[in-house]
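Have a look at the structure below, then the notes.
2 protein chains.
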Amino acid sequence: MDQLEIFKALSNKTRLQILQWLKEPEKHFPAQEHASFDEVGICVGQIQQKAGLTQSTVSEYLSILQKSGLLESTRLGQWTYYRRNEEAFAALSNIIKSEI
Amino acid sequence: MDQLEIFKALSNKTRLQILQWLKEPEKHFPAQEHASFDEVGICVGQIQQKAGLTQSTVSEYLSILQKSGLLESTRLGQWTYYRRNEEAFAALSNIIKSEI
DNA sequence: TTGGTATATCGGGAAAAGTCGATATATCTT
DNA sequence: AAGATATATCGACTTTTCCCGATATACCAA
Numbered sequence: 009m010d011q012l013e014i015f016k017a018l019s020n021k022t023r024l025q026i027l028q029w030l031k032e033p034e035k036h037f038p039a040q041e042h043a044s045f046d047e048v049g050i051c052v053g054q055i056q057q058k059a060g061l062t063q064s065t066v067s068e069y070l071s072i073l074q075k076s077g078l079l080e081s082t083r084l085g086q087w088t089y090y091r092r093n094e095e096a097f098a099a100l101s102n103i104i105k106s107e108i
Numbered sequence: 009m010d011q012l013e014i015f016k017a018l019s020n021k022t023r024l025q026i027l028q029w030l031k032e033p034e035k036h037f038p039a040q041e042h043a044s045f046d047e048v049g050i051c052v053g054q055i056q057q058k059a060g061l062t063q064s065t066v067s068e069y070l071s072i073l074q075k076s077g078l079l080e081s082t083r084l085g086q087w088t089y090y091r092r093n094e095e096a097f098a099a100l101s102n103i104i105k106s107e108i
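One line per chain: the protein sequences are C and H, in this order.
Taking the numbering used here, the leading residue of the first sequence gets 9, the next gets one more, and so forth.
Taking the numbering used here, the leading residue of the second sequence gets 9, the next gets one more, and so forth.
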């Protein structure tokens with residue numbers, strides 16, 4: 009758990025927004041055909057549309073969030089789904105309370 | 009409480025380090041003549057020495073941390089003392105647990 | 001009021017992050 | 001195998017951050 013890397017990942021408006029959207033997918037995204045929200049999360053395309061940035065930018069943002077540990081990804085067919093890693097958030101909360 | 013501003017403030021190795029030092033001042037800094045650790049914190053010069061960066065850089069870093077709310081400052085004579093704002097850390101921990 | 005010390009601010013060069021379009025890769029369909 | 005779709009990666013340009021030296025400001029002491 010690299011604190012610095014996590015804080016860098018969180019230092020961007022759009023990435024913070026994405027994390028919030030993924031907290032309540034059914035509230036922020038239309039139903040998906042090929043996979044369920046709960047199991048694998050949301051695919052890149054849906055997130056990209058909502059973010060209003062280019063595909064390459066959003067793909068990279070998701071990668072940054074994943075490398076930090078805050079998101080997890082699952083590849084299903086031609087789609088990559090991202091979902092929150094709630095354990096990482098809990099751990100971060102504790103780190104701030106006790107270590108930082 | 010501007011989350012983005014806080015995370016940006018935390019996105020630097022030296023600034024994270026400073027926060028840790030200020031958590032246990034007596035452990036990381038020599039005794040001060042003009043003020044007590046508990047009441048006002050540590051003066052810029054002490055922090056600068058320990059950080060090994062220039063005075064201007066450290067002064068700016070402390071200002072960034074203060075603007076984010078994580079530090080508070082007190083001016084006493086020609087010295088400015090910085091100390092942690094523990095409430096801000098607690099609030100941040102809660103935000104991560106519940107909002108982000 | 002002059003000089004000394006502590007801190008803040010300013011201007012700039014280097015490095016990193018933001019963001020894009022183009023292209024590569026992976027997978028599906030036919 | 002060929003074309004279509006989804007995602008990842010690359011190269012380039014712009015903006016932000018890092019960090020410095022120089023200078024300004026504030027306060028103190030004589």
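For glycine and all other residues, C-beta sits at the position ideal for the given N, C-alpha and C.
Q: Determine which residues share a DSSP beta bridge with H/Ser81 and list them.
A: Bridge partners of H/Ser81: H/Tyr90.
**Q.** Residues that H/Ala98 contacts on chain C, provided the C-beta gap is smaller than 8 Å
**A.** Neighbours of H/Ala98 in chain C, taken as residues at a C-beta separation under 8 Å, are given in chain order as Lys105.
(Q) Residues in the same chain with beta-carbon distance under 8 Å from H/Leu24, minus the five sequence neighbours each way, listed in chain order, please. (A) The answer, listed in chain order, is Leu18.
Q: Whole angstroms is fine: what's the gap from C/Gln56's alpha carbon to C/Glu41's?
A: Near 17 Å, if we compare the C-alpha coordinates of C/Glu41 and C/Gln56.
Q: Can you give me the Cβ contacts of H/Leu73 inside the same chain, cut-off strictly under 8 Å, excluding the 5 residues immediately before and after it?
A: Ala17, Arg23, Ile26, Leu27, Leu79 and Tyr90, listed in sequence order.
(Q) If you follow the alpha helix (DSSP H) that C/Leu18 is in, where does it begin and where does it stop? (A) Run containing C/Leu18: none; DSSP gives neither H nor E here.
Q) From the beta carbon of C/Gln11, is the nearest beta carbon of chain H less than 8 Å away? A) Yes, because at least one Cβ of chain H sits closer than 8 Å to the Cβ of C/Gln11.
Q.
In whole angstroms, give me the CA-to-CA distance for C/Trp87 and C/Lys35.
A. Their backbone Cα atoms lie some 21 Å apart in a straight line.
Q.
Quick check: is the beta carbon of H/Lys21 nearer than 8 Å to any beta carbon in chain C?
A. Taking 8 Å as the CB threshold, H/Lys21 lines the interface with chain C.
**Q.** Start-to-end residues for the alpha helix (DSSP H) that takes in H/Asp46
**A.** Counting along the chain, the alpha helix (DSSP H) containing H/Asp46 begins and ends at Phe45 to Val48.
Q. Under a CB-based cut-off of 8 Å, is C/Lys75 close to chain H?
A. Judged by the 8 Å Cβ criterion, C/Lys75 is not in contact with chain H.
Q.
Suppose contacts are defined by Cβ-Cβ distances below 8 Å. Is H/Leu30 in contact with H/Gly60 by that definition?
A. Taking 8 Å as the Cβ cut-off, H/Leu30 and H/Gly60 do not qualify as a contacting pair.
Q: Indicate whether at least one CB of chain H lies closer than 8 Å to the CB of C/Leu27.
A: Judged by the 8 Å Cβ criterion, C/Leu27 is in contact with chain H.
Q. Buried or exposed: where does C/Leu84 fall if 16 or more other Cβ atoms within 10 Å of its Cβ makes it buried?
A. If you draw a 10 Å sphere on the C-beta of C/Leu84, you find fewer than 16 other C-beta atoms in it, and that means exposed.
Q) How long is the line joining the alpha carbons of C/Leu68 and C/Lys75, rounded to whole angstroms? A) This sequence places Glu at residue 68 of chain C; Leu is not what is there. Cα to Cα, the separation comes out at about 10 Å.
Q | Close Cβ partners of C/Cys51 (< 6 Å) along its chain, the five nearest in sequence each way excluded | A | Trp87 and Tyr89, listed in sequence order.
Q. Applying the criterion that 16 or more other CB atoms from any shown protein chain within 10 Å of the CB defines a buried residue, is H/Gln54 buried or exposed?
A. H/Gln54 comes out buried.
Q: Measure from the C-beta of H/Lys16 to each C-beta in chain C and report whether the shortest distance is under 8 Å.
A: By this cut-off, H/Lys16 is an interface position.
Q | Straight-line Cα distance separating C/Lys58 from C/Val66 | A | Whole-angstrom Cα-Cα distance: 10 Å.
Q: Closer than 8 Å by beta-carbon distance: list the chain C residues that pair up with H/Ser101, in chain order.
A: In chain order, Ser101, Asn102, Ile104 and Lys105 make up the part of chain C whose C-beta sits under 8 Å from the C-beta of H/Ser101.
Q: Anything in chain C within Cβ reach of H/Leu24, meaning under 9 Å, just list it in chain order.
A: Ordered by position in chain C, the residues that pass the 9 Å Cβ test against H/Leu24 are Gln11, Leu12, Phe15 and Ile108.
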